[in-house]
Amino acid sequence: MENFLRFFKKIIPPPIFAALQPLYHWVLAWAAAAFYWFPSRKLKVIGVTGTNGKSTIVHLITAILEEAGERAASVSSIRFRIGAEERRNDLKMTMPGRFKLQRFLRRAVNAGCKYAVIEVTSEGIQQYRHLGINFFMAVLTNVTPEHIESHGSFEKYRAAKAELFRKATVHILNGEDPSVEYFLKIPAPSGRGSPKGAARRIVYTKKDLPPDIHLRLLGEFNLENAVAAYHAAKILGIEREAIKRALEKVECVPGRLEFIQRELFSVVVDYAHTPDALRKVYETLRPPSSKSPAGKKSDFFGDLKSDFKEAGDFFPGGRLVCVLGAAGGGRDEWKRPEMGKIASRFCDEIILTNEDPYDENPAAILNDIEAGFSKITNYKSQIPNSKKILDRREAIRSALKSAQSGDIVIITGKGSEPWIMGPNGTQIPWDDREVVREELKKIDH
């Protein structure tokens, strides 16, 4: 069936297919669900959507379910997991295609899973990949501008994410996100355990985490992620002690504020690829103080319910050395100067480098990011050293060589992704974390 539909797509002239594309995606979604006998009907499916934090919340909810002795499956941009069986997501696609996703859910049912936790993207919804899946719960992380070109506007991007909530009876919403009021108006599907389409809603804030739960994850945004997972687990009937044990065990999520080295100087890899995510990562690594480009003093760590006591060991005032880039292929070109502007506020040294250029000129992408430097007053005096190194390995090597005791090297944009996407669909095997480890072995500090 899948091959037939793909063949059908190839023989239709492009202009005609463009007009028929919504119908094509709709048919493909229902065909996949029917082909695998609607596996989600035998699962409690939790969908997690938002701009940033989706993979972390999927990771945390899955960890809680497993700690409670429940058999669970999960899909995220990081991994596919069914019970103890796990493999890396190497598709360069957060939400798999319809047949891959339904096949995964069928395997989860056959393996005896009761739950499935799925990372749901706006582009996946736009292509109807969510159809044919019975969502019990929808979790919202946050909504900030992304994929504006493909959706047409921020409003359409947000509306795409809202479709997930129209499919779920339980809504978990971030009360600190500006779009929360918009999502509070989204009705649940009628006839799904709620009268007249009324959803059961939980609106959370980072203050909701019980004071006796001590996170090992660093960052205020991870506090929000943990609270979302906490509420989701409570609604699923998981005992509080199991939730506490699971949340306290998680040291890091692959490629998300992952420390590759802590001694002498710190090296961190993070997936941040939007302005909002980049800002949050930089704020976490360099809390605003009188010595930082960010400006004011802050009792940042005092406000966090985290036992990450060693934070003071590598935040004494050392430099922040930042390696960053941006995706090509016409993806969110607007954000490039914004990311440059944010980097110029927080970083002492900036190295702009290649990320995923696709068919676009990598040098032009870096020029777009660099254009954001001039948007901040006295940026030249705040960034004594900024340069462009197209070769990503060389850029990482340069950052590591320049690092001194107490510095933090932060490499953003790819996290644990396994490929660099080049022209004509080429894929170069890659992992920022492995490259850092390899280059650290070559450096004698």
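Start counting the sequence shown at 1; every next residue gets the next number (the UniProt record's numbering).
Where is the CB? At the ideal position from N, CA and C, for every residue including glycine.
Item, Value
"Indicate the three-state DSSP secondary structure (helix, strand or coil) for E181 in the structure shown.", "helix"
"Between the Cα of N424 and those of I365, S405 and G328, spot the shortest distance and give me the residue it belongs to.", "G328"
"Report yes or no: is there a C-beta of chain C within less than 7 Å of the C-beta of I148?", "The chain labelled as chain C is not found in the depicted structure, where only one protein chain is given."
"Looking only at its chain, what residues have a beta carbon closer than 7 Å to the beta carbon of R88, apart from the 5 residues adjacent to it on each side?", "R79 and P418"
"Take the Cβ of T412 as the centre, count every other Cβ of all protein chains shown within 10 Å, and call the residue buried at 16 or more, exposed below.", "buried"
"For the alpha helix (DSSP H) holding residue 460, just list the boundary residues, first then last.", "A question about residue 460 goes unanswered here, because the residues of the chain that appear run from 1 up to 445."
"Taking R201 as the reference, give the member of L218, R166 and K207 with the closest Cα.", "R166"
"To the nearest whole angstrom, what separates the beta carbons of W26 and L101, a pair I think is in contact under 8 Å?", "Actually they do not touch by this definition, with Cβ atoms about 15 Å apart."
"Kindly indicate the opening and closing residues of the beta strand (DSSP E) around A73.", "A72 to V75"
"For the alpha helix (DSSP H) that R98 lies in, which residues bound it at each end?", "R98 to N110"
"Determine the DSSP secondary structure at T274, reduced to helix, strand or coil.", "coil"
"Residue ranges of each alpha helix (DSSP H) run of no fewer than 4 residues wholly in the segment 179 to 264, ordered along the chain?", "180 to 184, 220 to 235 and 240 to 249"
"By how many angstroms is the C-alpha of F135 removed from the C-alpha of A294?", "In this prediction, A294 has a pLDDT of 39, which is less than 50 and means its spatial position is unreliable; nothing more can be read from the coordinates."
"If I'm right that G372 touches G318 with Cβ under 8 Å, what's the distance once you round it to whole angstroms?", "Wrong, their Cβ atoms sit about 24 Å apart, outside the cutoff."
"Sort out for me which residues DSSP pairs F80 with in a bridge.", "V75 and R87"
"Do three or more CB pairs link the segment 270 to 280 to the segment 331 to 344 at distances below 8 Å?", "yes"
"Do you know how far the Cα of K156 is from the Cα of K441?", "47 Å"
"Could you give the DSSP three-state label for F135: helix, strand or coil?", "strand"
"Does the Cβ-Cβ distance between R81 and G112 come in under 7 Å?", "no"
"For S40, which residues from the same chain have a beta carbon less than 6 Å from its beta carbon, with the 5 sequence-adjacent residues on both sides left out?", "L105, I133 and N134"
"How about the segment 145 to 164 and the segment 227 to 241: do they share at least three Cβ pairs that are nearer than 8 Å?", "no"
"Given E176, which residues of its chain have a CB within under 6 Å of its CB, disregarding the five upstream and five downstream residues?", "T205"
"Given a cut-off of 7 Å, decide if V323 and residue 446 are closer than it, judged by their beta-carbon atoms.", "Because the chain is modelled from 1 through 445, residue 446 falls outside the range shown and cannot be assessed."
"Just the C-alpha distance for N174 and A199, rounded to the nearest angstrom, thanks.", "15 Å"
"Exposed or buried, I428, counting other C-beta atoms within 10 Å across all chains shown (16 or more means buried)?", "exposed"
"Shortest alpha-carbon distance to D356 belongs to which of A226, S398, I46 and L366?", "L366"
"Tell me, please, which residues DSSP counts as bridged to L285.", "L285 is not bridged to any residue."
"Which same chain residues end up closer than 8 Å to W37 when comparing Cβ atoms and leaving out the 5 residues on each side of it in sequence?", "R106"
"For S266 versus I408, is the C-beta spacing smaller than 7 Å?", "yes"
"Just to confirm, is the Cβ distance from I213 to I64 under 7 Å?", "no"
"From the DSSP output, in three-state form, read off S405 for me.", "coil"
"Just to confirm, is the Cβ distance from E149 to I125 under 7 Å?", "no"
"Does the Cβ of S344 have 16 or more other Cβ atoms within 10 Å, making it buried, or fewer, making it exposed?", "buried"
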